[in-house]
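In my numbering, the protein residues as written are 1411 to 1668.
Just so it is clear, CB atoms sit at the ideal spot from N, CA and C, and this is done for glycine as well.
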């Protein structure tokens, strides 16, 4: 097994913040090139280069989430720490071999991934063709459980939510209520929905109660992006939607108000 194959499974598992001082210590104390494997493993438990999109992803233990930095700025996080080793051949002067952790990571490291977002895949995986993938999906707020394992109080609370959807969102129309409940169930399972829900009730009707509940208690804020900026869907850049399963557009400006 190669050193890099040992590095990859540890990506995203660190519980302490990345420390340049710790990386420097591992490099300085190395007595041979093979000893540097520990420094490589440490670095690659926080960072992984990505070809598509072209950037470096890094694991933030504080927020338990993935962040990214473009290549030209990665030097602010990964310093070019060097270590020189000398070998003495049988004849002639000693030979110097210099190791640079920044150069190794950006140039020599062959574990370059493509980013994807799949709620059913593990953090790091390879496709059938051998392509390495980084799954940027942040994870669900809750572990899936059979409905029979929930207490009666939970069932009553869910019934209250469904009743609110029926009465406020759907004006008592049960067929429409059933469609919306199934739509929300699909979103909550991480499935891509091919239709949007457009709500147009009057002001202060409580239409935001359901979306706030889903964001806070069902999916979690890490899976929901909430905004009133139309450029989120009209603009050419939508990186803020990376890893999200639900987009909430509230109080969007109409054509007349613009």
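Alpha carbon of residue i to alpha carbon of residue j, nearest angstrom
i            : j            : result
residue 1515 : residue 1537 : 23 angstroms
residue 1476 : residue 1609 : 32 angstroms
residue 1525 : residue 1571 : 36 angstroms
residue 1518 : residue 1592 : 49 angstroms
residue 1566 : residue 1652 : 34 angstroms
residue 1546 : residue 1533 : 7 angstroms
residue 1430 : residue 1480 : 19 angstroms
residue 1438 : residue 1457 : 20 angstroms
residue 1488 : residue 1512 : 6 angstroms
residue 1629 : residue 1604 : 19 angstroms
residue 1590 : residue 1627 : 18 angstroms
residue 1597 : residue 1528 : 13 angstroms
residue 1588 : residue 1461 : 43 angstroms
Distance CB(residue i)-CB(residue j) smaller than 8 angstroms
i            : j            : result
residue 1625 : residue 1634 : yes
residue 1424 : residue 1471 : yes
residue 1549 : residue 1578 : no
residue 1444 : residue 1495 : no
residue 1542 : residue 1467 : no
residue 1454 : residue 1428 : no
residue 1509 : residue 1446 : yes
residue 1440 : residue 1493 : yes
Run of the alpha helix (DSSP H) containing residue i, from where it starts to where it stops
i            : result
residue 1451 : 1447-1454
residue 1585 : 1584-1598
residue 1508 : Unbroken run through residue 1508 is the beta strand (DSSP E), 1505-1510; no alpha helix (DSSP H).
residue 1623 : 1618-1623
residue 1642 : 1641-1644
residue 1573 : 1562-1574
residue 1437 : 1430-1438
Among the options, the one whose alpha carbon lies nearest that of residue i
i            : options                : result
residue 1618 : 1574, 1546, 1565, 1599 : 1574
residue 1660 : 1643, 1627, 1636       : 1636
residue 1654 : 1620, 1599, 1639, 1522 : 1599
residue 1606 : 1623, 1643, 1576, 1584 : 1643
residue 1432 : 1491, 1529, 1531, 1500 : 1491
residue 1639 : 1657, 1485, 1632       : 1657
residue 1522 : 1561, 1465, 1576, 1474 : 1465
residue 1552 : 1451, 1631, 1469, 1434 : 1631
For residue i: DSSP bridge partner residues
i            : result
residue 1675 : Within the shown structure, residues of the chain are numbered from 1411 to 1668, placing residue 1675 beyond reach of any answer.
residue 1462 : 1524
residue 1493 : 1509
residue 1468 : 1457, 1477
Unbroken beta strand (DSSP E) run spanning residue i, endpoints
i            : result
residue 1615 : Per DSSP, residue 1615 belongs to no beta strand (DSSP E) and is neither H nor E.
residue 1427 : From DSSP, residue 1427 is part of no beta strand (DSSP E); its letter is neither H nor E.
residue 1534 : 1534-1536
residue 1482 : That residue, residue 1482, is in no beta strand (DSSP E); it is neither H nor E in DSSP.
residue 1604 : Here residue 1604 belongs to no beta strand (DSSP E), and DSSP marks it neither H nor E.
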